[in-house]
Amino acid sequence: MVGRDHLGPTAVLKSVSKIDNTLAVNGSLLNVKFSPATLKGDNGIKKFADFLMAFTQLKIRHVQFNVQSRETLLDAQKHPENYAGLVVRVAGYSAFFVDLNKHIQDDIIARAEHTL
Numbered sequence: 043m044v045g046r047d048h049l050g051p052t053a054v055l056k057s058v059s060k061i062d063n064t065l066a067v068n069g070s071l072l073n074v075k076f077s078p079a080t081l082k083g084d085n086g087i088k089k090f091a092d093f094l095m096a097f098t099q100l101k102i103r104h105v106q107f108n109v110q111s112r113e114t115l116l117d118a119q120k121h122p123e124n125y126a127g128l129v130v131r132v133a134g135y136s137a138f139f140v141d142l143n144k145h146i147q148d149d150i151i152a153r154a155e156h157t158l
């Protein structure tokens, strides 16, 4: 649920791993938004690889990522002409951010922006 992930991305994985996915007829999805700075350089890539390893070890079935800052997304709302190529994950699909309605844009912006 948006706004409930206060203890970081690894805590999110631990919580999601407790869900009984046999009860979800159409499956479930996990949206994780990372700050672009957190994935920079060799150290950022290593931390991301460790995160993905935890994801697989916890046997979670699905995860999708956005790596955009809140500031970038807010600027894209104000100046869509400058962000025609900005693609984001929504909920099981990708879309051009500026083509989404404001309600969906606001939902993506409201997602917690994690660091590793």
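Residue numbers (our numbering): 43 to 158.
Beta carbons are placed, not taken as given, at the ideal position from N, Cα and C, and that holds for glycine.
Per the contact definition of three or more C-beta pairs closer than 8 Å, is the stretch 84-97 in contact with the stretch 120-132? no
Alpha carbons only, please: which of Thr98, Thr80, Val140 is nearest the one belonging to Val225? Residue 225 lies beyond the range of the chain shown here (43 to 158); nothing can be said about it.
Pull up the DSSP beta-bridge partners for Ser136, would you. Taking the sequence shown and counting its residues from 1, one reaches residue 136 at position 94. Paired residues: Arg131.
Does DSSP put Lys75 in a helix, a strand or coil? Numbered from its first residue, the sequence shown carries residue 75 at position 33. Lys75 falls in the strand class under three-state DSSP.
Determine the extent of the alpha helix (DSSP H) in which Gln119 is found, giving its start and end residues. The residue labelled residue 119 in the question sits at position 77 within the sequence shown. Its alpha helix (DSSP H) spans residues 112-120.
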